[in-house]
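Chemist:
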């Protein structure tokens, strides 16, 4: 008898946003989930190191901390403030015991994407000493082009790979989220390139619904949409990737449902579609 | 004194959707607009050839007919139906006196983008005899990746250029809309390539708002958003393009305003931002 393999199933705290992190940890663990990615808002009001211990005591691997980034700003002061916030994130990740921070790199309406991209590379470069000291890596997450206006000037895997090459540090890689990249005709080739760069640090799954009613909070559970999840996972694993498959879903609709039922649906969708 | 140059200003009928085409023609003409692109819904219940004469009598160039396409389907029957509809569009464009049809190429949830792209190329190829006979060209419009689920499997200018090369017909080119492509780091290079292919058939302008509240009907008037319109127009004109600059805006917000005032705003925004 083949038992379903949940050894690489990770869920982001934001996926079950109504649950405090302590509840999420207990419920995930009881459902056989093996990894957790922690959003910084879930740590509000907690002591961070004990929260990390709590997660590990539930048998959960702490996969990453979400999120750093937002490097570009119109003023030098704004960019310094962004770096300070990223340094706090590195310290928090270290205290939590998370080996990785996912970066939503940022974009500023009224500033060219070219300039924002330069500021992103400069910002990441400035953090590398802290990364080395804390043993915390950074993952550039290319965001869907619909977020190029105000959330990220990095919108394809090719761009993220270019930045990884440019930065040339083992502490800088890529978080690949199918929601952002599934449409890209260059995806298979750029996944292979990312693998050759040893830069595939994280893999996020969900689905794209048609119609999509909201640009931010209408993601689908795996199987509810049109993303070829099995195809993309094949490409990912062809690079040798054996990390977690992380379920990251922002959904006003799903947050409004019973979260215990929803967790069951996540586990079933992972088994059937990822 | 330099008078503003409106000789290449075209407006799509859908931009001022509340106006019947006869009203739009009179108002556009009185405002100094020189071109009109006709959406097929604007022709409902009209005799087409006389409508074309009416537009020309107002001094308007008929720039294109919007829209054909939607080639992919899960069944052969569905694909045949799509071709029939495109043949009607070619006949309508011929009757209207429009030299060009803009193609929204189509995509089907549940069918791979690779298969949809193949069906798009096959569909366009099947129409070429009718195009030649009617002297009507086809423009592939790459759509924003947020429409890859159900509207178009062609989402970058590189893909559209590839299809133009593959089809190798002077009747097949590209309609470039800044809304769909402004974020693409390859845009400048692919515009140059499109020019070298003699395939830049149409240029559509509007703006990208942050936040964007609706995936379909929340486009901005030029100057309301973050698209570098002057920069892109420089790239366009470097190819030798001297066609119309077409204002195509879907906006529930702007359709709800006084359309006479809105037309004044369009003309001013064209002068100041395009």
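Residue numbers (our numbering), protein chains in the order written: chain A, 3 to 276; chain B, 3 to 276. All C-beta atoms, glycine included, are put in the ideal place defined by N, C-alpha and C.
(1) Nearest by alpha-carbon distance to residue 105 of chain A: which of A:115, A:275, A:153 is it?
(2) Mapping the DSSP letters down to three states, classify residue 275 of chain A as helix, strand or coil.
(3) Residues of chain A with CB closer than 8 Å to the CB of residue 231 of chain B, please, in chain order.
(4) Could you have a look at residue 203 of chain A and say whether DSSP puts it in helix, strand or coil?
(5) Give me the Cα-Cα distance between residue 10 of chain A and residue 160 of chain B, rounded to the nearest whole angstrom.
(6) Here's a check: name, in chain order, each residue in its chain whose Cβ is nearer than 6 Å to the Cβ of residue 180 of chain A, leaving out the five neighbours to either side.
(7) Note the first and the last residue of the continuous beta strand (DSSP E) segment covering residue 35 of chain B.
(8) Quick check: the segment 198 to 213 of chain A against the segment 243 to 262 of chain A, are at least 3 beta-carbon pairs closer than 8 Å?
(9) Could I get the ranges of all uninterrupted beta strand (DSSP E) runs contained in the segment 182 to 237 of chain A, with 3 residues as the minimum, in chain order?
(10) What in chain A is Cβ-close to residue 121 of chain B, meaning under 7 Å?
(11) The beta strand (DSSP E) spanning residue 280 of chain B covers which residue range?
(12) Give me the subset of the segment 130 to 150 of chain B whose CB atoms are less than 7 Å from a CB atom of chain A, sorted by chain position.
(13) Residues of chain B with a CB under 7 Å from the CB of residue 114 of chain A: which are they?
(14) Using the three-state DSSP reduction, which class does residue 117 of chain B fall into: helix, strand or coil?
(15) What is the DSSP secondary structure of residue 49 of chain A, reduced to helix, strand or coil?
(16) When the Cα atoms are used, what is the spatial distance from residue 58 of chain A to residue 193 of chain B?
(17) Taking Cβ-Cβ distances shorter than 7 Å, what residues in chain A pair up with residue 157 of chain B?
(18) Along the alpha helix (DSSP H) that carries residue 98 of chain A, what are the first and last residues, could you check?
(19) What residue range is occupied by the uninterrupted beta strand (DSSP E) comprising residue 42 of chain A?
(20) Rounding to the nearest angstrom, what Cα-Cα distance links residue 143 of chain B and residue 155 of chain B in this structure?
(21) Does the beta-carbon of residue 76 of chain B have 16 or more other beta-carbons within 10 angstroms, so that it is buried, or is it exposed?
(22) Rounding to the nearest angstrom, what Cα-Cα distance links residue 165 of chain B and residue 123 of chain B in this structure?
(23) When you compare the segment 63 to 79 of chain A with the segment 12 to 26 of chain B, are there three or more beta-carbon pairs, one atom per stretch, that lie closer than 8 Å?
(24) Would you please state the rounded distance, in angstroms, between the beta carbons of residue 145 of chain A and residue 182 of chain A? I believe it to be under 8 Å.
(25) Give the single residue among A:240, A:257, A:33, A:51 whose Cα lies nearest to the Cα of residue 40 of chain A.
(26) Near residue 14 of chain A, what residues of its chain come up, given a Cβ to Cβ distance below 7 Å and the 5 sequence neighbours on each side ignored?
(27) Which chain B residues are close to residue 168 of chain A, counting only those with a beta carbon under 8 Å from its beta carbon?
(28) Using a Cβ cut-off of 7 Å (strictly closer), state whether residue 217 of chain B contacts chain A.
(29) Would you list, in chain order, the members of the segment 73 to 107 of chain B that have their beta-carbon closer than 7 Å to a beta-carbon of chain A?
(30) Taking a contact to mean a Cβ-Cβ separation below 7 Å, would you say residue 110 of chain B touches residue 74 of chain B in this structure?
(31) Out of curiosity, what's the CA-to-CA distance linking residue 157 of chain A and residue 150 of chain A?
(32) According to the Cβ coordinates, are residue 103 of chain A and residue 93 of chain A closer than 7 Å?
(33) Is residue 152 of chain B close to chain A, meaning its C-beta is less than 7 Å from at least one C-beta of that chain?
(34) Under the three-state reduction of DSSP, which class applies to residue 3 of chain A: helix, strand or coil?
(35) Confirm, please, whether the CB-CB distance from residue 72 of chain B to residue 91 of chain B is below 7 Å.
(36) Can you pull the chain A residues whose beta carbon is under 8 Å from the beta carbon of residue 212 of chain B, in chain order?
Modeler: From the atom records:
(1) A:153
(2) helix
(3) Ordered by position in chain A, no residue passes the 8 Å Cβ test against residue 231 of chain B, which lies about 12 Å from the chain.
(4) strand
(5) 36 Å
(6) 207, 229, 234
(7) Careful: residue 35 of chain B lies outside any beta strand (DSSP E) and carries neither H nor E.
(8) In short, these stretches touch, since the Cβ pair count reaches three.
(9) 202 to 207
(10) Here the premise fails: no neighbours, minimum Cβ distance about 15 Å.
(11) Not covered by the structure: residue 280 of chain B. The range shown for chain B is 3 to 276.
(12) 146, 147, 148, 150
(13) 230
(14) helix
(15) coil
(16) 52 Å
(17) 185
(18) 78 to 98
(19) It is not in any beta strand (DSSP E) - residue 42 of chain A carries neither H nor E in the DSSP assignment.
(20) 10 Å
(21) Taking all protein chains shown into account, residue 76 of chain B has fewer than 16 neighbouring C-beta atoms within 10 Å of its C-beta and is therefore exposed.
(22) 7 Å
(23) no
(24) 5 Å
(25) When only C-alpha atoms are compared, the closest one is A:51.
(26) 39, 41, 68, 248, 249, 250
(27) Going along chain B, no residue has its Cβ under 8 Å from residue 168 of chain A, so there is no contact; the nearest lies around 13 Å.
(28) yes
(29) none
(30) yes
(31) 7 Å
(32) Cβ atoms of residue 103 of chain A and residue 93 of chain A: not closer than 7 Å.
(33) yes
(34) Reliability fails at residue 3 of chain A, whose pLDDT of 48 lies under 50, so the model's placement of it is uncertain and the value that follows must be treated cautiously. Note: residue 3 of chain A maps to coil in three-state DSSP.
(35) no
(36) Within 8 Å Cβ-Cβ: 111, 151, 152.
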